[in-house]
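What follows is one structure encoded as C-alpha cells, with my remarks underneath.
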DNA sequence: TACATTTGCATGTATATACATTTAATACAA
DNA sequence: TTGTATTAAATGTATATACATGCAAATGTA
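Residue numbers (the working numbering), protein chains in the order written: chain A, 6 to 154; chain B, 6 to 154.
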C-alpha cells in the first residue's frame with residue numbers, strides 16, 4: 006500500500022524525502038509485528054537481538070562493548086539489556102580475568118532453548134512480513150546497503 | 006557498506022531475514038542523523054513529525070486521534086507529544102465545541118517559523134543521507150510500498 | 001428517560017533510546 | 001614510579017514506545 010495513503014499525506018517533496026519516511030514507517034510496521042511475536046515469551050525485540058548475537062559466538066564469551074558494536078541500534082544500552090537477560094536466567098555475566106574492566110557475557114542453555122523455540126515462528130513471520138519475491142528482496146537489500154554509503 | 010560487515014554477522018539465513026534486519030539497521034542510521042539535526046532546536050524526530058502533520062492541515066485544526074493515525078509510529082502517544090509541543094509554545098490545544106471529548110490541535114506561528122528554519126537543513130541532509138541516484142530511490146520506494154502488502 | 005456501550009483523551013507503568021556522568025582498571029608518558 | 005589519559009562498564013536523567021486502565025462525553029437501545 007502506498008505510503009501516502011497509509012499516513013494520509015498528499016505527496017512528498019521528492020523521492021528522497023519519501024524514502025526517509027518510508028524506511029521509518031516500514032521499521033515501525035516490522036517492530037510492531039515482532040513485538041506481538043516476542044511478547045508471549047517475555048522478550049523485547051532488542052533483548053532477542055542480543056541473544057542472537059550471543060548465540061553467534063558459539064560458546065565463546067563476548068564483552069559488553071562488543072555486543073554494543075553489533076547491535077542494530079548503536080545508541081541502545083547493552084549494559085542494561087544484559088542485566089535484564091541475566092535476571093531471566095538467559096545469560097551469564099562474569100568479570101574478565103585478563104582485563105578486570107571488561108565483563109564476559111555468555112548465553113545459557115535456557116537462552117539457547119528459548120531461541121530454538123522462537124526460531125521457526127520467526128522465520129515464518131519474516132517471510133509473511135515481506136510481500137516481495139526473491140528477486141525483489143535481493144534488490145531491496147542491495148539498495149539499503151548502498152543507501153548508507 | 007554491506008550489513009554483514011557493519012554488524013559483524015557472517016551471513017543471514019536468507020534474503021528475507023537479512024531484509025528485516027537491514028530495515029531496522031537503516032532506520033537507526035537515519036534516526037541517529039536526524040537526532041543530531043533536531044537537537045539544537047530542542048525537538049525530537051517524533052515531535053518534528055507531529056509538527057509536520059499539523060502544518061499539512063493548512064490552518065485547520067486536527068484532533069489528537071487523527072494525529073495518531075498519521076504518525077509514523079502507530080503506537081506512539083500523540084497526547085503526550087502534543088503536551089510537550091504545547092509547553093514549548095509550538096501548538097495550541099483547545100476543546101472541540103462540537104464534541105467535548107475531542108481536542109483540536111493547531112500549529113502556532115512560532116511552530117511554523119521553526120519548521121521553516123529547519124526545512125532547508127533537512128532537505129540537504131536527506132539527500133546526503135541516501136547515497137542512491139534518482140532511479141534507485143524510486144525503486145526503493147516501490148519495493149518498500151510493496152513489501153508491506 | 002435510563003442504562004449499557006463506545007469513543008476520545010489522559011495517565012500510569014515497564015521497557016528502550018539518547019546522551020552525560022561516574023567509577024574503576026589499564027595504558028602511557030614524564 | 002607517578003601522574004595523566006584512556007577505556008569499559010554502570011548509572012542517572014529525559015524522552016519515547018508499548019500497552020493497560022481510567023474517566024468523561026457521546027451514542028445506542030430498551
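Using N, Cα and C, we set each Cβ at its ideal position, and we do this for glycine too.
Examine the ligand HEM and report whether any of its heavy atoms sits within less than 8 Å of the Cβ of residue i.
i, result
"residue 74 of chain A", "The ligand HEM is not among the ligands present in this structure, which contains no ligands whatsoever."
Would you say residue i faces chain A, with C-beta separation under 9 Å as the test?
i, result
"residue 70 of chain B", "no"
"residue 113 of chain B", "no"
"residue 110 of chain B", "no"
"residue 132 of chain B", "yes"
"residue 83 of chain B", "no"
"residue 61 of chain B", "yes"
"residue 126 of chain B", "no"
"residue 77 of chain B", "yes"
Kindly indicate which three-state DSSP category residue i falls into: helix, strand or coil?
i, result
"residue 56 of chain B", "helix"
"residue 16 of chain B", "coil"
"residue 135 of chain A", "coil"
"residue 145 of chain A", "helix"
"residue 48 of chain A", "coil"
"residue 39 of chain A", "helix"
"residue 62 of chain B", "coil"
Once you ignore the five residues that flank residue i on each side, which residues in its own chain have a CB closer than 7 Å to its CB?
i, result
"residue 50 of chain A", "36, 39, 40 and 43"
"residue 81 of chain B", "51"
"residue 54 of chain A", "76 and 77"
"residue 191 of chain A", "Within the shown structure, residues of chain A are numbered from 6 to 154, placing residue 191 of chain A beyond reach of any answer."
Would you report the Cα separation of residue i and residue j, rounded to the nearest angstrom?
i, j, result
"residue 31 of chain B", "residue 25 of chain B", "10 Å"
"residue 79 of chain B", "residue 86 of chain A", "24 Å"
"residue 63 of chain B", "residue 121 of chain B", "14 Å"
"residue 137 of chain B", "residue 133 of chain A", "27 Å"
"residue 115 of chain A", "residue 83 of chain A", "20 Å"
"residue 128 of chain B", "residue 111 of chain A", "44 Å"
"residue 60 of chain A", "residue 16 of chain B", "14 Å"
"residue 4 of chain A", "residue 96 of chain A", "This structure cannot speak to residue 4 of chain A, because chain A is shown only from 6 to 154."
"residue 33 of chain A", "residue 8 of chain A", "13 Å"
"residue 126 of chain B", "residue 29 of chain A", "19 Å"
"residue 151 of chain A", "residue 143 of chain A", "12 Å"
"residue 118 of chain A", "residue 65 of chain A", "17 Å"
"residue 124 of chain B", "residue 22 of chain B", "35 Å"
"residue 131 of chain B", "residue 18 of chain A", "11 Å"
"residue 20 of chain A", "residue 14 of chain A", "14 Å"
"residue 148 of chain B", "residue 145 of chain A", "7 Å"
"residue 88 of chain A", "residue 102 of chain A", "20 Å"
"residue 135 of chain B", "residue 46 of chain B", "23 Å"
"residue 139 of chain B", "residue 153 of chain A", "15 Å"
"residue 92 of chain A", "residue 48 of chain A", "12 Å"
"residue 106 of chain A", "residue 67 of chain A", "13 Å"
"residue 104 of chain A", "residue 70 of chain A", "13 Å"
"residue 4 of chain A", "residue 6 of chain B", "Look at the range of chain A in this structure, 6 to 154, and you will see that residue 4 of chain A is not part of it."
Please tell me whether residue i has its Cβ less than 9 Å away from any Cβ of chain B.
i, result
"residue 34 of chain A", "yes"
"residue 153 of chain A", "yes"
"residue 30 of chain A", "yes"
"residue 145 of chain A", "yes"
"residue 24 of chain A", "yes"
"residue 150 of chain A", "yes"
"residue 27 of chain A", "yes"
"residue 15 of chain A", "yes"
"residue 91 of chain A", "no"
"residue 53 of chain A", "no"
"residue 46 of chain A", "no"
"residue 8 of chain A", "yes"
"residue 98 of chain A", "no"
"residue 137 of chain A", "yes"
"residue 87 of chain A", "no"
"residue 104 of chain A", "no"
"residue 41 of chain A", "no"
Within its chain, find whatever has a CB closer than 6 Å to the CB of residue i; leave out the 5 residues flanking it on each side and keep chain order.
i, result
"residue 58 of chain A", "72 and 75"
"residue 141 of chain A", "none"
Within the same chain, show all residues whose beta-carbon is closer than 8 Å to that of residue i, passing over the 5 residues directly before and after it, in chain order.
i, result
"residue 90 of chain B", "52, 55, 56, 96 and 116"
"residue 113 of chain A", "94, 95, 96 and 97"
"residue 12 of chain B", "26 and 30"
Exercise. Which runs of the beta strand (DSSP E) fall wholly inside the segment 67–128 of chain A and span at least 3 residues, in chain order?
Worked result: Complete beta strand (DSSP E) runs here, min 3: 96–100 and 108–112.
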